[in-house]
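Residue numbers (our numbering): 13 to 144. Quick reminder that beta carbons are idealized off the backbone N, C-alpha and C, glycines included. Some notes on the structure that comes next.
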């Protein structure tokens, strides 16, 4: 649940700026950027695929994987591979438009900084770790 909230609420530009400020390797920053965009969209595509299969009376639930595994895998994997390929192309174009591939100094609209709430969360987590 916390992961879903994080995926939906974190702005990719501020995430990239924060990771760059923490001196993370640039390749790691790009991987995290792509991951934050790829997985939620892939889950949404998979949900839509299941709904379409139910509408065509191909998929009735998880028990179909036990009854007809090869047909279900064929009907799921092929469209998911196509959707993943299309999504990868879209993410590549979005990254290029945002200037992710440029190596020069980047100007950010908002510079990342820690707020009082961040320090309180760190203190709470530290206390939980120490007292466990």
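Sub-8 Å separation of residue i and residue j beta-carbons
i: residue 27; j: residue 55; result: no
i: residue 99; j: residue 59; result: no
i: residue 23; j: residue 32; result: no
i: residue 84; j: residue 71; result: yes
i: residue 50; j: residue 103; result: yes
i: residue 7; j: residue 95; result: An answer regarding residue 7 cannot be provided, because it is not within the stretch 13 to 144 covered by the chain.
i: residue 124; j: residue 39; result: no
Limits of the unbroken alpha helix (DSSP H) element including residue i
i: residue 43; result: 38 to 67
i: residue 81; result: 81 to 110
i: residue 141; result: 128 to 143
Residue i in three-state terms, based on DSSP
i: residue 73; result: coil
i: residue 30; result: helix
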